[in-house]
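Shown next, in structure tokens, is the structure this report addresses.
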Amino acid sequence: MTGAQDHPPAAGEAWARLRGLTAARIGLARSGASLATAPMLDFRLAHARARDAVHAPLDDARLAEDAAALGLPILTVDSAAADRRVYLMRPDLGRRLEAEGAATLATRAGVYDVAFVLADGLSARAVQNHAVPVLAAALPALRAEGWRIAPLAIVRQGRVAIGDAVAGALGASGAVVLIGERPGLSAPDSLGAYLTWQPRPDSTDADRNCISNIRPEGIGAADAAFKMVFLLRAMRARGVSGVSLKDESAAVAIG
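Position one of the sequence shown corresponds to residue 0 (numbering that gives the first Met the number 0), numbered consecutively onward.
If you want it as structure tokens, here you go:
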């Protein structure tokens with residue numbers, strides 16, 4: 000005899016273990032051919048939260064107040080999308096600056112290494128809650144290395160490519176756009192960071208590096224800042240970004 004043998008866990012216990020490792024909806028209880036009441040109600044609640052996140056407005060005044068602690072001049076401008084309805088129906092307008100906003104940024108043009116942009120994207124809540132902590136963790140390392148940092152731009156109704164226009168108007172070599180990502184059923188407040196070196200009007204997503212799922216339950220602010228500083232250093236050193244630049248930040252540390 001070799002002693003008592005281990006028995007495989009019951010199906011319910013196995014699913015419970017897996018659910019402890021992921022926010023994905025797995026092993027949901029069923030009633031006949033349909034989901035049971037509890038998981039169905041949970042699904043509907045998550046769907047409602049995702050829809051609300053898409054339509055919720057950005058409190059740009061509060062965001063600017065929170066960002067004031069970063070010690071950067073702050074400029075709040077609009078994209079060419081006049082309102083949320085237009086923004087959702089015309090993605091192209093969210094990639095361009097409204098004329099008055101472009102003029103406002105041009106008054107602060109200079110020679111900068113990087114411009115940071117905070118845009119509502121598809122989840123204003125994500126930008127409202129997570130963008131400032133990420134910048135607060137990243138800016139000290141850049142300042143210690145003498146990076147010339149442009150005024151911080153807050154863009155209402157902005158898409159990822161709005162960073163190209165902002166960097167061009169301010170005269171920055173690089174753009175970092177912190178933007179609310181498309182809400183999912185487990186994460187209505189996920190922040191994305193999109194980094195582009197030498198952005199141009201015809202820059203595409205292949206020219207950008209992305210840090211996704213920035214939130215306490217995903218990539219935390221300190222880890223996101225770690226990756227961001229690494230990528231910016233590599234971009235400036237090599238003069239490239241996007242598919243030409245591999246993220247090797249896991250192998251190094253911010254000095």
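C-beta: ideal position from N, C-alpha, C; glycine also.
Using the three-state DSSP reduction, which class does ALA125 fall into: helix, strand or coil? Helix, per DSSP.
In chain order, each beta strand (DSSP E) run of at least 3 residues that lies wholly inside the region 99 to 159: Segments of the beta strand (DSSP E) lying fully in the region 99 to 159: 111 to 118 and 151 to 155.
Report the residue from ARG214, CYS209, PRO215 and GLY219 whose alpha carbon sits nearest the alpha carbon of LEU230. It is CYS209 whose Cα lies nearest to the Cα of LEU230.
Would you report the Cα separation of THR261 and ARG237, rounded to the nearest angstrom? No information on residue 261 is available, as it lies outside the stretch 0 to 254 that the chain covers here.
Keeping to the same chain, check which residues put their C-beta closer than 6 Å to that of ALA149; ignore five residues upstream and five downstream. Take ALA149, set aside five residues on each side of it, and the residues of its chain with a beta-carbon closer than 6 Å to its own are TYR111, ALA114, LEU169 and ALA171, in chain order.
So who's on the other strand from THR75, going by DSSP bridges? Partner(s): ILE153.
For ALA174, the first and last residue of its enclosing beta strand (DSSP E): Segment 171 to 179, the beta strand (DSSP E) holding ALA174.
My understanding is that GLN127 touches LEU62, with C-beta atoms under 8 Å, so please give their C-beta distance in whole angstroms. So it is a contact: roughly 6 Å between Cβ atoms.
Suppose contacts are defined by Cβ-Cβ distances below 8 Å. Is PRO187 in contact with ALA52 by that definition? Against a cut-off of 8 Å, the Cβ pair of ALA52 and PRO187 comes out as a contact.
Helix, strand or coil at GLY31 [DSSP, three-state]: In the three-state reduction of the DSSP assignment, GLY31 falls in the coil class, being assigned neither a helical nor a strand state.
Quick one: Cα of GLY173 to Cα of ARG199, how far? Rounded to whole angstroms, the separation of the alpha carbons of ARG199 and GLY173 is 10 Å.
How about LEU104 and VAL159: do their beta carbons lie closer than 8 Å? No; because the gap between Cβ atoms is not below 8 Å, this pair is not in contact.
Under the DSSP definition of a beta bridge, which residues are partnered with TYR86? Bridge pairing for TYR86: absent [DSSP].
Below 8 Å, can you find three or more Cβ-Cβ pairs linking the region 10 to 21 to the region 134 to 152? Proximity of the region 10 to 21 to the region 134 to 152 falls short of the contact definition, fewer than three beta-carbon pairs being nearer than 8 Å.
Close-in-space but distant-in-sequence residues of the same chain around GLU180 (CB under 7 Å, 5 per side omitted): Leaving aside the five residues that flank GLU180 on each side, the residues in its chain whose CB is nearer than 7 Å to its CB run, in chain order, GLY120, LEU121, SER122, ALA125, SER189, LEU190, GLY191 and SER211.
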